[in-house]
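Presented below is the structure to which this report refers.
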């Protein structure tokens, strides 16, 4: 049985889905008439992403590749990420349960102190969920890069001829894959927000013209948009992993909290 040559692209898609999950969390409005419902509507997305991460980790574990540290690190990184997303889902469900418990029973008045403490705990749970998955896109991209390089070394990768991209365009693709780029404004005057790595609007427009990126509106009526890799963008970026194109160095990730193994479902 041959190794799955598209697995690095699948992991890049996982990175994009984690970014969407991360973007949706700040849009949860606890001042809305039904905040628990907002959390419960978001929960299936988080659980789907967790299942997707477990599926990718299982696929990595069953690849017919020679044992190599890079393959093992990729699998462990994705499996750890799956557990972190699962724990994030648990915290969101706990937050929804706390909100449901604050609903008045019959004609009993609210206990304002109890209500304030409950909302404080809810905000803390949502913040923990956000922290657990904040570095998820970085982890997924690094795992895809490790795997793609090792598959090429073992002659197990189907390398698609990459687009002819400049160093700035390749760096922008990686930054987008890691969920580090947002934009605001019109095409003729586009403001780019890209954290530590500078990405120009000209570079983004060039990648969009090659159909490697697609913008999506951020939730909750934000004027900003988030560019994501298209299928062609994921294929192009994964081809650079296989051909050994160097990636910009990333800052070291902080230690992660321990994660529980399963999420409750309703």
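Residue numbers (this note's numbering): 61 to 326.
Don't be surprised by glycine CBs; every beta carbon is placed ideally from N, CA and C.
Going along the chain, which residues of its own chain have a beta-carbon closer than 7 Å to the beta-carbon of residue i, five neighbours each way excluded?
| i | result |
| --- | --- |
| residue 77 | 109, 112 |
| residue 204 | 68, 71, 72, 298, 301 |
| residue 257 | 231, 235, 240, 308 |
| residue 181 | 158 |
Measuring CB to CB, does residue i end up less than 7 Å from residue j?
| i | j | result |
| --- | --- | --- |
| residue 177 | residue 96 | no |
| residue 298 | residue 208 | yes |
| residue 162 | residue 152 | no |
| residue 99 | residue 156 | yes |
| residue 75 | residue 200 | yes |
| residue 117 | residue 210 | no |
| residue 296 | residue 272 | yes |
| residue 183 | residue 154 | no |
| residue 227 | residue 289 | no |
Buried or exposed for residue i, going by 16 or more other Cβ atoms inside 10 Å?
| i | result |
| --- | --- |
| residue 294 | buried |
| residue 281 | exposed |
| residue 239 | buried |
| residue 106 | buried |
| residue 70 | buried |
| residue 122 | exposed |
| residue 91 | exposed |
| residue 229 | buried |
| residue 82 | buried |
| residue 234 | buried |
| residue 253 | exposed |
| residue 86 | exposed |
| residue 148 | buried |
| residue 287 | buried |
| residue 135 | buried |
Among the options, which residue has its Cα nearest to the Cα of residue i?
| i | options | result |
| --- | --- | --- |
| residue 283 | 246, 88, 174, 227 | 246 |
| residue 269 | 301, 251, 225, 139 | 225 |
| residue 127 | 213, 69, 187, 200 | 213 |
| residue 202 | 137, 288, 274, 286 | 137 |
| residue 143 | 249, 193, 129, 172 | 193 |
| residue 243 | 232, 285, 237 | 285 |
| residue 150 | 171, 267, 189, 227 | 189 |
| residue 145 | 88, 172, 94, 191 | 191 |
Spell out the partners DSSP gives residue i in its beta bridges.
| i | result |
| --- | --- |
| residue 276 | 286 |
| residue 270 | In the DSSP output, where bridge partners are listed per residue, residue 270 has none listed. |
| residue 245 | 250 |
Apart from the five residues on each side of it in sequence, which residues of its chain come closer than 8 Å, Cβ to Cβ, to residue i?
| i | result |
| --- | --- |
| residue 397 | For residue 397 there is no data in the structure shown, the boundaries of the chain being 61 and 326. |
| residue 291 | 69 |
| residue 250 | 243, 244, 261, 264, 265 |
| residue 133 | 203, 206 |
Leaving out the 5 sequence neighbours to the left and right, which residues in its chain are closer than 6 Å to residue i when beta-carbon positions are compared?
| i | result |
| --- | --- |
| residue 277 | 285 |
| residue 79 | 197, 239 |
| residue 66 | none |
| residue 259 | 232, 235, 241, 252 |
| residue 114 | 142 |
Would residue i count as contacting chain B if we go by Cβ distances under 7 Å?
| i | result |
| --- | --- |
| residue 233 | No chain B is part of this structure, which consists of one protein chain only. |
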